[in-house]
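Q: Residue numbers for the sequence shown, in this note's numbering: 819 to 1311.
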Amino acid sequence: MKIRLLSILLLSIVLLLPALRNGQPFMMSDTTTYVRGADAAIYKLTGIRTMWTGTFLERYEHAEPTAPSSSTDHQPRDAADLPVTINGRSVYYGMLLYLSCLFGNFWGAAIVQIVLTATAITLGVEQISRALGKAPPSIGTVLVMAVVIGLGPAGYFAGYMMPDIFLPLAVIAFCQLGLLWRVLTRKERGFWLGLLTAALLFHALHVVIIASGFAALLLRSGRSPEADGRSRLIAILATLLLALSGQAIFHLAVREATGAGPVDVPFLTARLTADGPGEGYLRTHCPAAGLRLCNYLHRLPMDSDTFLWNHDPNTGIFSAVPPRDRRAIAAEQFAFVAGVAVDRPMALAKSTVVSIGRQIAKWRLAEFNYGQRQRETFDAKLPAPIIASTSASAAYRQAMPVRFTEIATPVLALVALAAIVLFARSPIERRTILPYLAFAIGALLLNAIICGAISTPHDRYQMRLIWILPFLAVALRPDLGMRSGRLIRITTA
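1. Helix, strand or coil for I866, going by three-state DSSP, please let me know.
2. With which residues is V1292 paired in a DSSP beta bridge?
3. Quick check on DSSP: helix, strand or coil for V989?
4. Okay, do the region 1161-1173 and the region 1131-1146 touch, 3+ Cβ pairs below 8 Å being the bar?
5. Which residues in the same chain as E1185 place their Cβ atom closer than 7 Å to its Cβ, once the five residues preceding and following it in sequence are excluded?
6. Rounding to the nearest angstrom, what Cα-Cα distance links L1011 and N1132 in this structure?
7. Compare the beta carbon distance of L1051 and S1039 with 8 Å and say whether it is the shorter of the two.
8. To the nearest angstrom, how far is the alpha carbon of P836 from that of Q1216?
9. At what residue ranges does the region 956-1015 contain a whole run of the alpha helix (DSSP H), taking only runs of 4 or more?
10. Distance check for F984 and P1095, CA to CA, integer angstroms please.
11. For S947, is the classification buried or exposed, using 16 other Cβ atoms within 10 angstroms of its Cβ as the cut-off for buried?
12. Can you tell which of H1021, F1154, E1097 and P1105 has its C-alpha closest to the C-alpha of D1121?
13. Verify whether the separation of the beta carbon atoms of W1285 and P971 is less than 8 Å.
14. Could you give the distance in angstroms between the alpha-carbon of S830 and the alpha-carbon of I957?
15. First and last residue of the alpha helix (DSSP H) that includes K1168?
16. Within this structure, are the beta carbons of L1058 and L1018 separated by less than 8 Å?
17. For R1073, collect the residues of the same chain with a Cβ closer than 6 Å to its Cβ; drop the 5 residues on either side in sequence, then sort them by chain order.
18. Between which two residues does the alpha helix (DSSP H) containing R1282 stretch?
19. Buried or exposed: where does R1295 fall if 16 or more other Cβ atoms within 10 Å of its Cβ makes it buried?
20. Could you pull the DSSP bridge partners for F1136 from this structure?
21. State the Cα-Cα distance for the pair D1161 and C1269, rounded to the nearest angstrom.
22. Alpha helix (DSSP H) containing C919: first to last residue?
23. Which class does F924 belong to by DSSP, given the choice of helix, strand or coil?
24. Taking all protein chains shown into account, decide if D1197 is buried (16 or more other Cβ within 10 angstroms of its Cβ) or exposed.
25. Around the C-beta of T1124, are 16 or more other C-beta atoms found within 10 angstroms, so that it is buried, or is it exposed?
26. Excluding the five sequence neighbours on either side, which residues of its own chain have a C-beta within less than 8 Å of the C-beta of G1175, listed in chain order?
27. Note down the Cα distance separating T849 from S1211, rounded to an integer number of angstroms.
28. Take Y910 as the anchor and find which of T1195, A927 and I1178 has the nearest alpha-carbon.
29. On the three-state DSSP scale, how would you describe V1229?
30. For F1186, which beta-bridge partners are listed by DSSP?
31. For the alpha helix (DSSP H) containing S830, list its first residue and its last residue.
32. Could you tell me which residues DSSP pairs with I904 in its beta bridges?
33. Between the alpha carbons of A1293 and G942, how many angstroms are there, rounded?
34. Do you know offhand how far P894's Cα is from T1076's?
35. Using only the alpha-carbon positions, how far apart do L1263 and L1283 sit?
36. Between the region 987-1003 and the region 951-969, can you find at least three pairs of beta-carbon atoms closer than 8 Å?
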């Protein structure tokens, strides 16, 4: 217990260092959207206003449809013309940021994320050791883990006011529950179930990746049934159902609060137009294709981020056009992609493979030195008390020393992968822990495939998850611990 507490404390300090160096937790332009979503929900329920409430009042309070009336002088406003609420910005994660901001800054949320990450790493190492019959982690193991984690990007994402850190935490929680269930105590299962549920509520991508792992777990369970297999399956399925229910509640709440449901961001439409096949299709088939995007063909070409997030009504598209057109462009995404696939399948396949390859090759921390667009967004959207500290931060001044971590991360990942491969060559240990490794590495690849194929490749998509490899290498620690007791065989039923 003492070593466990020491590990959590030491790892928390290591994970806190990047945010301390920055002078505040790291942010992205989407951070403000998360906070304002939660703030709007609290305002609608309680009437409580904060420094974030002004935007909601400006966009929605005076734009709600007029209630139906017997009078012909007042007609309900068409919901398509109401301001757009973006889907995918979880109000549940926003609530964590909102509660932190009640104290004037984001440090509370950062501490929660950092401690959860340190606890997950500590328990993960301890429970993998228990499953393999190794001695409990020693102080030496804890120190090695602290060094490995400190050299990688985990601290940046633990102190990042985005749900990114919860993707690797979701993967670890799923593996612990799905593959190490038999060696977990009731309290440990409760911790992992709570963490997994929160992670799934915080972002839809997490649901997709964990649902894929759950499907694989079901297939494997059928081949190797165990007495407790049903319990772990039911527990994980419950977290997935809770996440889907939470998303449904969010949709209903947005419709009730604003008069119109949330809109999915057309990430794939933006990528295909930026990469070429989509633009080519539009130039060949517009206006006959009947797509709303045809109205803005004259603004192409442009990169994906400009397509989605540029608010200039003369040059942007998705964020710059009227709400009715934004909804139409989002709703037409499937028809647009299908049209591109039929019209130029080879170009679509090539652009997708290239995009996935670009995503896999991204190993930088570019988001942690704010670019001009990011700084302009902060200046426009952050409340005065927060912009004051943000403008003084190292990231705002582009002074964060990220280069060492960018170099160390791929080196650590490759060394860790080699160590994992060597470890897995042992016949007994291979059948015991190989499924865990397969799920974790599979999640890494699936993340790159989804983000590369659907969205524009970004450094953070890969870097937020890559530290799982060094974590696993130290957790397996073939040379750091002595075996104690009989090896516990873990099945995936």
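Backbone N, C-alpha and C fix where the C-beta goes; we use that ideal spot for every residue, glycine too.
A: Per the coordinate set shown:
1. coil
2. The partner list for V1292 (beta bridge, DSSP) is empty, contrary to what the question assumes.
3. helix
4. no
5. M846, D1277 and R1278
6. 48 Å
7. yes
8. 14 Å
9. 957-969, 972-976 and 984-997
10. 34 Å
11. buried
12. E1097
13. yes
14. 16 Å
15. P1163 to I1178
16. yes
17. G1079
18. D1277 to I1284
19. buried
20. For F1136, which the question treats as bridged, DSSP gives no partner whatsoever.
21. 24 Å
22. V909 to C919
23. coil
24. exposed
25. buried
26. G1270
27. 16 Å
28. A927
29. helix
30. DSSP, once it has assigned bridges, lists no residue as partnering F1186.
31. K820 to N840
32. V1081
33. 7 Å
34. With a pLDDT of 46 at P894, under the threshold of 50, the modelled position of that residue is not reliable, and the figure given next carries that caveat. About 13 Å.
35. 10 Å
36. no
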